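**Student:** One structure, pasted below without further comment.
Protein chains: 6
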Amino acid sequence: MATNHDKPKPGEQPARQDASASAMALDLAPGSLSAENQAYFDTCLEKLGFVPNVLVAYAHDDAKLSAFSAFYNDLMLAPSGLSKLEREMIAVAVSSVNRCYYCLTAHGAAVRRLSDDPVLGELMAMNYRAADLSPRHRAMLDFAVKLTETPHTVGEPDRAALRAAGFGERDIWDVAAVAAFFNMSNRMASAVDMRPNAVYHRQAR
Amino acid sequence: MATNHDKPKPGEQPARQDASASAMALDLAPGSLSAENQAYFDTCLEKLGFVPNVLVAYAHDDAKLSAFSAFYNDLMLAPSGLSKLEREMIAVAVSSVNRCYYCLTAHGAAVRRLSDDPVLGELMAMNYRAADLSPRHRAMLDFAVKLTETPHTVGEPDRAALRAAGFGERDIWDVAAVAAFFNMSNRMASAVDMRPNAVYHRQAR
Amino acid sequence: MATNHDKPKPGEQPARQDASASAMALDLAPGSLSAENQAYFDTCLEKLGFVPNVLVAYAHDDAKLSAFSAFYNDLMLAPSGLSKLEREMIAVAVSSVNRCYYCLTAHGAAVRRLSDDPVLGELMAMNYRAADLSPRHRAMLDFAVKLTETPHTVGEPDRAALRAAGFGERDIWDVAAVAAFFNMSNRMASAVDMRPNAVYHRQAR
Amino acid sequence: MATNHDKPKPGEQPARQDASASAMALDLAPGSLSAENQAYFDTCLEKLGFVPNVLVAYAHDDAKLSAFSAFYNDLMLAPSGLSKLEREMIAVAVSSVNRCYYCLTAHGAAVRRLSDDPVLGELMAMNYRAADLSPRHRAMLDFAVKLTETPHTVGEPDRAALRAAGFGERDIWDVAAVAAFFNMSNRMASAVDMRPNAVYHRQAR
Amino acid sequence: MATNHDKPKPGEQPARQDASASAMALDLAPGSLSAENQAYFDTCLEKLGFVPNVLVAYAHDDAKLSAFSAFYNDLMLAPSGLSKLEREMIAVAVSSVNRCYYCLTAHGAAVRRLSDDPVLGELMAMNYRAADLSPRHRAMLDFAVKLTETPHTVGEPDRAALRAAGFGERDIWDVAAVAAFFNMSNRMASAVDMRPNAVYHRQAR
Amino acid sequence: MATNHDKPKPGEQPARQDASASAMALDLAPGSLSAENQAYFDTCLEKLGFVPNVLVAYAHDDAKLSAFSAFYNDLMLAPSGLSKLEREMIAVAVSSVNRCYYCLTAHGAAVRRLSDDPVLGELMAMNYRAADLSPRHRAMLDFAVKLTETPHTVGEPDRAALRAAGFGERDIWDVAAVAAFFNMSNRMASAVDMRPNAVYHRQAR
């Protein structure tokens, strides 16, 4: 017969989940930052109010931090035929396939912020197929997710589907580059258990 | 070279995602409700402020609505060795495997509410393995997710692992029953494209 | 060189497989039955000659038994645009994907009985794609199996394929509901190792 | 609302499934048989009452029929540390993974016949993990099924598990050889849609 | 900070990989060969300069060696609507799915030799979809790989695709037979860890 | 009956596979190179005799080429607790899971060159589990491949396995970083169909 109970048994009350103090599970002390990277961190603090933990994690090695942030900023912020929101939508849809807690949290917040539509962020994280999307966006995310799940089966018909949805050659490169990047970043985050800054959870709800 | 642009091209600005007026994609008119089911809907309106769309969807057939809600309420609300929060944690972890937009939204909100920890809800929806869980909860969710992904491989060692984590025979039934139920409910929701009530997204953030 | 041998070595002769005395692997004593459930069991004994072990398993909790049997009987026996045989065909095709010994045995027997074609029962259990099916039945089972294997990919084109095969809105609900239910029931049976009554194996051969 | 109905609509009554006149879907006329193969077919007719359709299918080319039957007969009938029943158990467990209608039917009958236990045949076809097996048989089938599902992951620990269950070097070869063979035979049957002789369904029930 | 180092630490310098002295991991002594099989080995030595290790492995049992080589030689060398190169292309594409080291090595060399194009051999082993193939060869390999990955889903549309690419009934048999055979052979090689003769690696580069 | 034939039918003779003139399938003209990138290309020509096509592909955008090569060179060439050979072994084992033709070709050549063992290169590309590896290398590649196949299941036990095999915190970062990077690079190459320079095929054979 079922036991009903008034107070939780041991292990029954979950711990608070936003209390993690360190940026990742590896025990790597922060290295000394170059002037350029220190300025970058200062800008983050000023503009965002915090330094994203992915950067804190890379900061154990100044050269790696520089290479990562240069690569990332070109990809997500440089001029492109894809809007910043579109790039973030790809980021989240890919991270959903890979079930990456860090990236779903940080980039889910970015989709909510850039679209001003909290539900769009949820849909990208949960199942983009359930969203009400333009043909352009459905084609873009179908390509990104196929590239994530079965890259060895991507071929000319997949590129043709993007062209048919209005993407140019350079745009195809950019769709692929964002999807490919988050396949790296999701794995880096999972490998070292990166913890997203708690503030992301509350942004743009 | 990349094209930068000031105003979005057609299809580039996503539609608002919380505007859906109907509870599902099937064109089935609501049937007439029995007094009991009408009272149930009235209670929902009074207590929650809305009738959950899963009930609206079942309401095309009063007998099915009765059978579903009786089954559901016994499962999730009756006395059990599992707390209500634990049952909701299983619901969300299973729905994450099946990527069910409706259930992740509605039951994700329930986890946030019952735990008073918004981040716990996110973790159940994104990847329960990234959460800081007691051995009891890790064993409970490992069982539920294995039962979801490869039910044909579940056997005595899996039940033994639950017993080792402190679950009794009846508790094992309940873990299995909740996990199994959401494997049904996730598929029902995906089959008819159930749309969660918009209010869930904002609850307990 | 190969060893030939006249008498089996230890472990070489399999045990009899129909000798299991209990309905499931959990040690849960039968609860006392309500008058209604007792009457239901009496009817089973009278009509079938036995009480199906799934009901015996649920009988550890009278309320759960009531909820389960009400839900099940509406689903499989109530009026529907799907014949009872069609609902059993879905049950077996889904149980084949999930490799559920209990449901393949009990519902395989039902397909043999209702169709008066033992081979049809085998085909549903082994691989429905090898059967000689009408377009209606192929569409129905393709939908049920896709919903079982990859529910997150089911969408409007899948519903459209059912409509093109002649199914109405309500019929689509029913196809989905039967497929979804057996995704629950298969998992419940696997989780607690339900053992089918031995008599099923010999029925309608 | 549900439509009930008294007579089946078009496509609702399944065709009889044991009526197929040809051995396979390829349109290949039987070749002329060598004296040896003619004698083999005569023996089949005399002992079994029919020629198994797999042999009828290969008979479009006398040389291929000879090579296949020599290979098969050595594998399944020659002296071995594995009993004939054990070899048939492997055959069916492998065919279950590959969902091969022909082999599940023909070799399922063989397990029923050789074990004198119809339920054992069903268990091998449905899910061998649900059977009550000796450690020897569980190890044997675990190896065969792993070799079927993920051959690239089989290594020394898997061979060690067979040795620990009492299998010698030659026995390991034979377990592997039977499992490997049915991975060929299942695919040949599926590729050309081989139809099992109807009599198998009724054997040893 | 990263440690640079001048000499490798233990385990850091890989062992030479072509030094394996035995043909497989099972400890099975070679049996005595029949005159026919001895002659076959002599021919191998004369023509190839070595006896392929797959034959050495089978030589623990003269009858099995005979059955295997008869089956193999009919399949790969007898007259067929498929050229020998085409049969080897199928062998390698299938072995790539199954990641079989022995068969990729031995039959990769055969593709290089028969095509006089080393790159074609690499492409078959790595990903045939990246090769520049005629419609005939793409259809042939798509069929072989689908039969390898999901044999239970192969049906009339797949045979129709081969016919549309110009294959006759007998050719379809042969495509299926080669693909099916390597699904056996790959698993046999993985099960007993067959080691390819080192010479294959250098052939036709 | 089989058709034998003396001359190949249309589509039966494969095209030469190393003749591709362009670096990828996207029609993107090379941009003008910065002095730094021009110097990098000149160094490639001088040292390697060619510019790797991955760099040619990125050269449509000078900023992207800079970001990519800085990131890549830090990862693969900077001081690390992993030798350059070890990093290339990870690159190839990951590319094997993703079946990336470009990376298997270019980095397979690097493993052959750095190890002076052509067979090691083949084994990394075909199935690293078949190689004779030190515990250090087996642990390293098991981690890299699990991170590739199921990143969401990587956790503390996987990091502990690397530590037990002698890897320090920084080394774990580097194993993860190389594995993660090639999950990006494989997908970029597949998305745009990058073609490896033909010379790789012949290197260090």
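Residue numbers (numbering that gives the first Met the number 0), protein chains in the order written: chain A, 0 to 204; chain B, 0 to 204; chain C, 0 to 204; chain D, 0 to 204; chain E, 0 to 204; chain F, 0 to 204. In this text, a Cβ means the ideal position worked out from N, Cα and C, and glycines have one as well. All figures in this text were calculated on a predicted structure; none of them were measured in a lab.
Where do the ends of the alpha helix (DSSP H) carrying Ala-18(E) lie?
**Tutor:** Here Ala-18(E) belongs to no alpha helix (DSSP H), and DSSP marks it neither H nor E.
**Student:** If Pro-195(F) sits next to Asn-52(F), beta carbons under 8 Å apart, how far is it from one beta carbon to the other, in whole angstroms?
**Tutor:** Indeed, because the Cβ distance is near 6 Å, the residues count as touching under 8 Å.
**Student:** Would you kindly check if the distance between the Cβ of Val-91(E) and the Cβ of Val-110(E) is under 8 Å?
**Tutor:** yes
**Student:** How close, in whole Å, do the beta carbons of Leu-25(A) and Glu-168(F) come, if the pair is a contact with beta carbons under 8 Å?
**Tutor:** 5 Å
**Student:** The alpha helix (DSSP H) that contains Pro-29(F), what's its start and end?
**Tutor:** That residue, Pro-29(F), is in no alpha helix (DSSP H); it is neither H nor E in DSSP.
**Student:** Give me the Cα-Cα distance between Met-193(F) and Asp-60(F), rounded to the nearest whole angstrom.
**Tutor:** 16 Å
**Student:** Going along chain A, which residues have a C-beta under 9 Å from Val-153(F)?
**Tutor:** Chain order gives the chain A residues near Val-153(F) as Arg-186, Ser-189, Ala-190 and Asp-192, where near means a beta carbon separation below 9 Å.
**Student:** Please classify Asp-60(B): does DSSP put it in a helix, a strand, or coil?
**Tutor:** Residue state for Asp-60(B) is assigned as coil, using DSSP reduced to three classes.
**Student:** What is the rounded straight-line gap between the Cα of Glu-35(C) and the Cα of Asp-41(C)?
**Tutor:** 10 Å
**Student:** So for Thr-152(E), helix, strand or coil by DSSP?
**Tutor:** helix
**Student:** Need the endpoints of the alpha helix (DSSP H) that Asn-185(E) sits in, please.
**Tutor:** 168-191
**Student:** If contact means a Cβ-Cβ distance below 8 Å, which residues of the stretch 106-127 of chain C contact chain D?
**Tutor:** When C-beta distances to chain D are compared with 8 Å, the residues of the stretch 106-127 of chain C below that value are Ser-114, Asp-116, Pro-117, Val-118, Leu-119, Glu-121, Leu-122, Ala-124, Met-125 and Asn-126, in chain order.
**Student:** Please state the DSSP three-state secondary structure of Tyr-199(A).
**Tutor:** helix
**Student:** Taking the straight line between their C-alpha atoms, what separation do you get for Gln-37(A) and Ala-62(A)?
**Tutor:** Spanning the two alpha carbons is a distance of roughly 13 Å.
**Student:** Would the beta-carbon of Pro-150(C) be found less than 7 Å away from any heavy atom of the ligand PLP?
**Tutor:** No copy of the ligand PLP occurs in the structure displayed, which carries no ligand at all.
**Student:** Looking at the C-beta of Arg-86(D), does it have a partner C-beta in chain E at a distance below 8 Å?
**Tutor:** no
**Student:** When the Cα of Met-88(F) is compared with those of Glu-11(E), Ser-114(E) and Asp-131(E), which residue comes out closest?
**Tutor:** Glu-11(E)
**Student:** Please state whether DSSP places Asp-115(C) in a helix, a strand or coil.
**Tutor:** Of the three classes helix, strand and coil, the one that applies to Asp-115(C) here is coil, per DSSP.
**Student:** Just the C-alpha distance for Met-0(A) and Arg-15(A), rounded to the nearest angstrom, thanks.
**Tutor:** For Met-0(A), the pLDDT reaches just 38, beneath the cut-off of 50, and the residue's location in the model is therefore unreliable, leaving the point undetermined.
**Student:** Would you kindly check if the distance between the Cβ of Ala-129(B) and the Cβ of Leu-140(B) is under 8 Å?
**Tutor:** no
**Student:** Nearest chain D C-beta to Lys-63(E) closer than 8 Å, yes or no?
**Tutor:** yes
**Student:** Excluding the five sequence neighbours on either side, which residues of its own chain have a C-beta within less than 7 Å of the C-beta of Cys-102(D), listed in chain order?
**Tutor:** Ala-90, Ser-94, Phe-181, Ser-184, Asn-185 and Ala-188
**Student:** Using 8 Å as the limit for Cβ to Cβ distance, is Pro-29(D) near chain E?
**Tutor:** no
**Student:** Which value, in whole angstroms, describes the spacing of the CA atoms of Asn-3(E) and Pro-78(F)?
**Tutor:** A caution first: Asn-3(E) carries a pLDDT of 48, below 50, which makes its placement in the model unreliable, though a value can still be read off. In a straight line, the C-alpha of Asn-3(E) is about 5 Å away from that of Pro-78(F).
**Student:** Roughly how many whole angstroms lie between the Cα atoms of Ser-133(B) and Asn-126(B)?
**Tutor:** A straight line joining the alpha-carbon of Ser-133(B) with that of Asn-126(B) spans about 15 Å.
**Student:** So with Cβ pairs under 8 Å, would you call Gly-48(F) a contact of chain E?
**Tutor:** no
**Student:** Taking Asp-26(D) as the query, report the chain E residues whose CB atoms sit under 8 Å from its CB, ordered along the chain.
**Tutor:** Glu-168
**Student:** Looking at the unbroken alpha helix (DSSP H) that takes in Arg-86(D), where does it start and where does it end?
**Tutor:** Bounds of the alpha helix (DSSP H) holding Arg-86(D) are 83-96.
**Student:** Using DSSP with H/G/I as helix, E/B as strand and the rest coil, what is Cys-102(E)?
**Tutor:** helix
**Student:** So with Cβ pairs under 8 Å, would you call Pro-13(E) a contact of chain D?
**Tutor:** no
**Student:** Since Asn-97(D) meets chain E, which of its residues come closer than 8 Å, beta carbon to beta carbon?
**Tutor:** Pro-150 and His-151
**Student:** CA-CA distance, Leu-44(D) and Asp-131(C)?
**Tutor:** 27 Å
**Student:** Can you tell which of Gly-48(E), Val-50(E) and Ala-18(E) has the C-alpha that lies nearest to the C-alpha of Asp-116(F)?
**Tutor:** Ala-18(E)
**Student:** Please check if any C-beta of chain E sits within less than 8 Å of the C-beta of Tyr-100(F).
**Tutor:** yes
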